[in-house]
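Engineer:
Numbering (this note's numbering), first residue to last: 80 to 418.
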């Protein structure tokens, strides 16, 4: 004998139980579209995968670049350094008189003040001072970049080996660093340069490289020590990666930020050091064209011809300040504690 059926209510008495159940299930089911309307595969529950999280998560460098673009001082420094770099590489774009070492000077114009024909006046030799200042940018930029690059290579190699392997090599490098640190860079460069009969661009660069690698070494060594104990380095070692691969692929990219910040600021310091050596008569020698030599030639003309010392000093100060501002902006962008 069959059981009696329960009558169902239809019409205005209320919603059908099956329809209500369907709506409840739909409300409880995760959405199959993402926030931007893109379909999500079934079974994912609308939650982003680990791969999409990694894609959306900005890296340190992309975050830094995003912050740098909003930094007005960074943009000003980049524009100034861009102009100075073009000036150093292509001085003919800024003056049509050519290299001042090739002639074109007249003693009859000696120490003449600025005018419409000579914007910066004439120096003590009667040479166009504007042309001298333009061509002087080349030496300063080359010295700064070459010395920082050379000292950076030495510091990175020794710092990586000392921090990664430790032991007696770390102790030896630390004691050598302390010894070189005890010698001021200008005094040490004077001692080294006096050993050369001719003091040109190469000799000045070698002297400054020999006395400026220690800070890079210490910064990179401390970064390597902190990074080499991380989980991803241990995982790479467990997978059979060689020490060289671990250093180059896993440690170097993650320990490079403080070195980059210091190196950017150091370029300005090296340019100032070269100008100081040339001003003291120990660095570059005539007929080289350098801001330091131009300042040296005008040291006794501050009252009678102040333009001789004024314009190269302004260009030197702007160049050094631009590198310092660039390094300071990089430090703010790459250091998460300062954000």
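Just so you know, even glycine gets a beta-carbon here, dropped at the ideal spot from N, CA and C.
Note that the structure is predicted; figures quoted are calculated from it, not measured.
(1) With C-beta atoms as the reference, is residue 283 less than 8 Å away from residue 270?
(2) Tell me whether the beta-carbon of residue 349 lies closer than 8 Å to the beta-carbon of residue 223.
(3) For residue 405, report the span of its alpha helix (DSSP H) as first-last.
(4) Starting from residue 282, trace the alpha helix (DSSP H) in both directions and tell me its first and last residue.
(5) Thinking just about the alpha-carbon of each residue, which of 364, 356 and 242 is nearest to the one in residue 326?
(6) Applying the 10 Å Cβ sphere with the 16-neighbour rule, what's the burial state of residue 151?
(7) When you compare each of 142, 285 and 198 to residue 363 by their alpha carbons, which one comes out closest?
(8) Should residue 310 go down as buried or exposed, given a rule of 16 or more other Cβ atoms within 10 Å for buried?
(9) Can you grab the Cα-Cα spacing for the pair residue 332 / residue 287, in whole Å?
(10) Is the number of C-beta pairs between the region 383-393 and the region 202-209 that are closer than 8 Å three or more?
(11) Going by alpha carbons, who is nearest to residue 264 out of 352, 159 and 406?
(12) I'd like the span of the alpha helix (DSSP H) that includes residue 191, first residue to last.
(13) Can you find the residues in the same chain that come closer than 8 Å, C-beta to C-beta, to residue 347, ignoring five residues on each side of it along the sequence?
(14) Since residue 143 and residue 413 should fall inside the 8 Å C-beta cutoff, what is the C-beta to C-beta distance between them, to a whole number of angstroms?
Structural biologist: This is what the structure holds:
(1) As a working mapping, residue 283 is identified with position 204 in the chain shown. As a working mapping, residue 270 is identified with position 191 in the chain shown. Result no, Cβ atoms of residue 283 and residue 270 do not sit closer than 8 Å.
(2) Mapped onto the chain shown, residue 349 falls at position 270. Mapped onto the chain shown, residue 223 falls at position 144. Result yes, Cβ atoms of residue 349 and residue 223 sit closer than 8 Å.
(3) Locating residue 405 in the chain shown gives position 326, counting from the first residue. 386-413 is the span of the alpha helix (DSSP H), which, as asked, contains residue 405.
(4) Here residue 282 refers to the residue found at position 203 when the chain shown is read from its first residue. From DSSP, the alpha helix (DSSP H) with residue 282 extends over 280-288.
(5) What you label residue 326 is simply residue 247 of the chain shown in a count that begins at 1. Minimum Cα distance to residue 326 is reached at 242.
(6) Counting from one through the chain shown, the residue named residue 151 turns up at place 72. Classification of residue 151: exposed, given that the 10 Å Cβ count is below 16.
(7) The sequence position of residue 363 within the chain shown is 284, counting from 1. Of 142, 285 and 198, the residue nearest in Cα terms is 285.
(8) The residue you call residue 310 lines up with position 231 of the chain shown. Residue 310 is exposed by the Cβ-count criterion.
(9) Within the chain shown, numbered from 1, the residue matching residue 332 stands at position 253. Within the chain shown, numbered from 1, the residue matching residue 287 stands at position 208. Taking the straight line joining both Cα atoms gives about 27 Å.
(10) These segments touch.
(11) In the chain shown, counting from the first residue as 1, residue 264 sits at position 185. Cα-wise, what sits closest to residue 264 is 352.
(12) Along the chain shown, read from residue 1 onward, the residue named residue 191 stands at position 112. Here residue 191 belongs to no alpha helix (DSSP H), and DSSP marks it neither H nor E.
(13) Numbered from its first residue, the chain shown carries residue 347 at position 268. The residues are 223, 398, 399, 400, 401, 402, 403 and 406.
(14) Position 64 of the chain shown holds residue 143. Position 334 of the chain shown holds residue 413. Between residue 413 and residue 143 the Cβ distance is about 5 Å, and since that is below 8 Å, they are a contact.
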